[in-house]
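Using this note's numbering, read the sequence shown as starting at 1435 and increasing by one per residue. See below for the structure under consideration.
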Amino acid sequence: MMRRKDKEILDNQLIERILNEAEIIRLAMVDGNEPYLVAMNYAYSAGSLYMHSAKEGHKIEILKKNSKVVFQTEIGVEIVSKEESCSCGTRYMSIFGKSTAFLIDEEEEKKQALNAIMVKYTGRVGFDYPVDSLKSSLIIKLEIEFMTGKRSGY
C-alpha cells in the first residue's frame, strides 16, 4: 500500500513506458536470512521481465532455493536543489514489484528473451547467438505478480 496516494502511478501505459525505458533493474532476493541485491540489464516483454545470466553464481543458487523476488527500476531521476535546508528533493518515476523468478534454459525461449534484450539496448533485430554462449547461459524470467508506480516532481 502506498502511503502517498498523490504520487502513485495508476496508468498502466505509463507503467509499461517506464519498464521499457529504464536501463537497469534491481533484483532483490533472500539468501537464507540475508538480503541480496543485484543490478541487471533487462527487457520487458509480454508482461514479463527477462534478464540474461550465467548458469552458475550466487544469484542463481539463491533463486534455486527461493524464487520469490522483488524488483525496482526508475527513469527521469534528477536532484532538485533549493536554497532552504530540508527542502531539496528528487524528481523520478519508479516501478516496484513482486514476482516469481523462473530459470529458463530452453534454447528457443532463451533466444526470444535475448532478442528482446538486444532490441532494447541496440535498437536492431536479427541476431545470431553462438551455440557455446547459449549453452552456458540462462534467462531469468520474472512473472510479475504485483507492481506499482510512484512519481515525484512530475
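All C-beta atoms, glycine included, are put in the ideal place defined by N, C-alpha and C. Since we're looking at a predicted model, the values are computed, not measured.
Is it the case that the Cβ atoms of Y1478 and M1485 are separated by a distance below 7 angstroms?
no
Residue ranges of each alpha helix (DSSP H) within the stretch 1448-1534, 4 or longer:
1492-1499
Buried or exposed for A1547, please, with buried defined as at least 16 other CB atoms from any protein chain shown within 10 angstroms of its CB.
buried
T1507 classed as buried or exposed, judged by whether at least 16 other C-beta atoms fall within 10 angstroms:
Of the other Cβ atoms in all chains shown, 16 or more fall within 10 Å of the Cβ of T1507; this residue is therefore buried.
Compare the beta carbon distance of R1585 and I1458 with 7 angstroms and say whether it is the shorter of the two.
Inclusion of R1585 and I1458 in the CB contact set at 7 angstroms is not warranted, their separation being larger than that value.
Any idea what DSSP makes of L1548, helix, strand or coil?
helix
Simplified DSSP assignment, three categories, for E1540:
Coil at E1540, not helix or strand.
State buried or exposed for G1491, treating a residue as buried only when at least 16 other CB atoms are found within 10 Å of its CB.
Exposed: under 16 other Cβ atoms inside 10 Å.
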